[in-house]
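Worksheet for the structure shown next.
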Amino acid sequence: GAGVSQSPSNKVTEKGKDVELRCDPISGHTALYWYRQSLGQGLEFLIYFQGNSAPDKSGLPSDRFSAERTGGSVSTLTIQRTQQEDSAVYLCASSRVAGEQFFGPGTRLTVL
Amino acid sequence: GNSVTQMEGPVTLSEEAFLTINCTYTATGYPSLFWYVQYPGEGLQLLLKATKADDKGSNKGFEATYRKETTSFHLEKGSVQVSDSAVYFCARIQGAQKLVFGQGTRLTINP
């Protein structure tokens, strides 16, 4: 079946604008994760959804970042009032409960 | 704290050379440990894993042994190929399921 897909693959935006990044997990995977890969910080965890449980938001760097997962499937990561330090590759992964995490190709975000 | 430390790169080797990429971790308890690989232009993918002390993970000729005495999970391969050129990430599980990654090591294999 299809892997994790993310859109857009690339996003260029101006400082101060809001952006939305989308993740389509593998069908049947109940867990979904967002990570960020940047030059300065490496690969870091942002947020984790598991089924209908409250998400683990402990990795979100500021209140400008939020994410939701509708119907237990597609997830959207929203960054409000983007800053240049938000420039990074945003990775989504999904898994079965306690299973291997499968990563999507990422969205490269550039904030000018 | 809970962290993962990898040897700094970049690492450049000749084909058929022996590879070691060091990885150490700090943690309470014995978390599952992983090596992920990111080939040029591709997404992150799991290379191997070990879920308890003394386990050895292996895949594609790569191996890593979970050493609780030295809190290490070094990646090794006896004879590297040009196709092994990639960025390698050591990682551990923290909490329920989130991954904590090392900083990554870029490996280049020359023919």
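For the protein sequence lines, the chains are A and B, in the order given. Mapping of the first sequence onto the numbering used here: residues 177 to 288, in sequence order. Mapping of the second sequence onto the numbering used here: residues 1229 to 1339, in sequence order. Just so you know, even glycine gets a beta-carbon here, dropped at the ideal spot from N, CA and C.
Contact annotation: A:T258 and A:V195 have beta-carbon atoms nearer than 8 angstroms. Taking 3 residues as the shortest admissible run, the stretch 194-230 of chain A contains the following complete beta strand (DSSP E) segments, listed from N- to C-terminal end: 195-200, 207-214 and 218-226. Exclusion of the five residues before and after B:G1330 leaves V1232, T1233, Q1234, C1251, F1317, C1318 and A1319 as the residues of its chain whose Cβ lies within less than 8 angstroms of its Cβ. Look at the beta carbons and you see the stretch 278-287 of chain A not touching the stretch 1237-1251 of chain B: under three pairs across the two are nearer than 8 angstroms.
The beta carbons of B:Y1264 and B:L1247 sit no closer together than 8 angstroms. A straight-line Cα-Cα distance of about 12 angstroms links B:Q1266 and A:L219. Straight-line spacing of the CA atoms in A:G247 and A:G275 works out to 21 angstroms. Looking at the DSSP output, A:Q182 shares a beta bridge with A:C199. The stretch 237-251 of chain A and the stretch 195-212 of chain A touch, with no fewer than 3 CB-CB distances between them shorter than 8 angstroms. The beta carbons of A:T206 and A:G227 sit about 5 angstroms from each other, so the pair counts as a contact at 8 angstroms.
Secondary structure of B:T1248 (DSSP, three-state): strand. Judged by DSSP in its simplified three-state form, B:T1279 adopts coil rather than helix or strand.
Here the alpha carbon of A:P184 sits roughly 11 angstroms from the alpha carbon of A:Y266.
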